[in-house]
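The next block holds one structure in the form of structure tokens; read it before the comments.
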Amino acid sequence: MEKIAFLDTVHPILWQRLEAAGYICVDLTEDDRTTCTEKLSDCTGIVIRSRFTMNEEFLQFAPILKFIARSGAGMENIDTSYCDSRGIQLFNAPEGNRNAVGEHALGMLLSLMNKLHTADREVRSGKWDREGNRGWELDGKTVGIIGYGNNGSAFAKKLRGFDVKLMAYDKYKEGFGDHFVMESTLDAVLNHADIISLHIPQNEETLWMVNDDFIQKIKKPIWLLNLSRGKIIQTSSLVKGLKTGKILGAGLDVLEYEKSSFESFFEQELPADFKYLLEAENVILTPHVGGWTHESYFKLSNVLADKILGIDS
Numbered sequence: 115m116e117k118i119a120f121l122d123t124v125h126p127i128l129w130q131r132l133e134a135a136g137y138i139c140v141d142l143t144e145d146d147r148t149t150c151t152e153k154l155s156d157c158t159g160i161v162i163r164s165r166f167t168m169n170e171e172f173l174q175f176a177p178i179l180k181f182i183a184r185s186g187a188g189m190e191n192i193d194t195s196y197c198d199s200r201g202i203q204l205f206n207a208p209e210g211n212r213n214a215v216g217e218h219a220l221g222m223l224l225s226l227m228n229k230l231h232t233a234d235r236e237v238r239s240g241k242w243d244r245e246g247n248r249g250w251e252l253d254g255k256t257v258g259i260i261g262y263g264n265n266g267s268a269f270a271k272k273l274r275g276f277d278v279k280l281m282a283y284d285k286y287k288e289g290f291g292d293h294f295v296m297e298s299t300l301d302a303v304l305n306h307a308d309i310i311s312l313h314i315p316q317n318e319e320t321l322w323m324v325n326d327d328f329i330q331k332i333k334k335p336i337w338l339l340n341l342s343r344g345k346i347i348q349t350s351s352l353v354k355g356l357k358t359g360k361i362l363g364a365g366l367d368v369l370e371y372e373k374s375s376f377e378s379f380f381e382q383e384l385p386a387d388f389k390y391l392l393e394a395e396n397v398i399l400t401p402h403v404g405g406w407t408h409e410s411y412f413k414l415s416n417v418l419a420d421k422i423l424g425i426d427s
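Its first residue numbered 115, the sequence shown is counted upward by one per residue in our numbering.
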């Protein structure tokens, strides 16, 4: 029987379904990196989230590995070229958390535009400022989605109840436009959007994509959302845009400063740009939880089980 090592904690439905199919599942979630590598020699599968980077240095200890299953959408912690050279199949589960990301993006946008986060805080502190918390309506705005995969299309679906013009750009897809979504170029999005939402993977092409040059090309002041990866936005450029008013507000579920143990980040001297974001009232920050709901926790593992077992969803 084939053995699968679980290096990160995921919903138990994945373990249960794999065991029911005849696999032996091994819990390595409490083991350190060295101990894990010592136990991979007879494993044909690995289940991960983000604890370890799956590169040659690590995977050399798994000589008979057939697949890696990541409970999540992004694959930036996996050396895909090396895995391809060894014929290691890669599974991820963007279908599992796309709805959660779409809802989170909409929630951030409505909170930003209607100043819900500041209004709530002020009322709780005894301040009643109606004029200072006057918001903007989403209806009539143009929303530009960059990246029209699982998450981008899920956000578009959530916007169908609003009277908005929806533009979407995806470098790797075409023919996805319909009566509600206008398939667009990047330049068109930058020229016309009132809101820009990022739903793209982190790779060599997208690293620091939103920089000074990107922001300068934007024709109108925008609200900016990022629910993809933190290093797609150069924080220094974002701060400049916020200070000049080119960016009206930002909803950030991810940050360029993220590490595997981000909690310890606050124990050091924080970068000036990050301090600005923490203090800015037109910025909403969440701790990379856009796709992390009670429902998506189950869906991510269930989707992976389908893919590993070869079941068409």
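Glycine included, C-beta positions come from ideal geometry on N, C-alpha and C. Every value quoted in this text rests on a predicted model; they were computed, and no experiment measured them.
For His313 and Phe290, the rounded distance between their alpha carbons: Distance between the alpha carbons of Phe290 and His313 is about 16 Å.
Among the candidates Leu321, Lys357, Ala134, whose CA atom is the shortest distance from the CA of Glu393? Lys357
Taking the alpha-carbon of Leu304 as reference, which of Phe181, Ile260, Asn317 has the nearest alpha-carbon? Looking from the CA of Leu304, the closest CA among Phe181, Ile260, Asn317 belongs to Ile260.
Grab me the residues of Trp322's own chain with a C-beta within less than 6 Å of its C-beta, minus the 5 sequence neighbours each way, in chain order. In the same chain as Trp322, and ignoring 5 residues on each side of it, the C-beta atoms closer than 6 Å to its own belong to Gln348, in chain order.
I need the straight-line Cα distance from Asp327 to Gly355, nearest angstrom please. 11 Å
Leu230 versus Gly246: straight-line alpha-carbon distance, rounded: 11 Å
Who does Gly363 pair with in a DSSP beta bridge? DSSP output for Gly363 lists Trp337 as bridge partner(s).
Can you check whether the CB of Met281 is closer than 7 Å to the CB of Ser267? no
Using a Cβ-Cβ cutoff of less than 7 Å, which residues in the same chain neighbour Asp277 once the five nearest sequence positions on both sides are dropped? Asp253, Gly254
Helix or strand or just coil, what does DSSP make of Ala270? helix
Given this structure, state the Cα-to-Cα distance separating Glu236 from Arg244, to the nearest angstrom. 10 Å
Beta-carbon spacing of Arg212, Asn265 below 7 Å: yes
Where does Ser432 fall in DSSP's three states? Shown here, the chain extends from 115 to 427; a query on residue 432 therefore has no answer.
Once the 5 residues before and after Lys279 are set aside, which same chain residues still bring their CB inside 6 Å of it? Correct list, in chain order: Thr256.
DSSP three-state assignment for Leu203, whether helix, strand or coil: The question names Leu, but residue 203 in the sequence shown is Gln. In this structure, Gln203 counts as strand in the three-state DSSP scheme.
Shortest alpha-carbon distance to Ser155 belongs to which of Val124, Phe166, Ala119, Ala134? From the listed residues Val124, Phe166, Ala119, Ala134, the smallest Cα separation to Ser155 is found for Ala119.
Distance cutoff 7 Å, beta carbons only. Does Arg343 sit that close to anything in chain D? Here chain D cannot be found, since the structure has a single protein chain.
Do Ile425 and Leu226 have their C-beta atoms within less than 7 Å of each other? no
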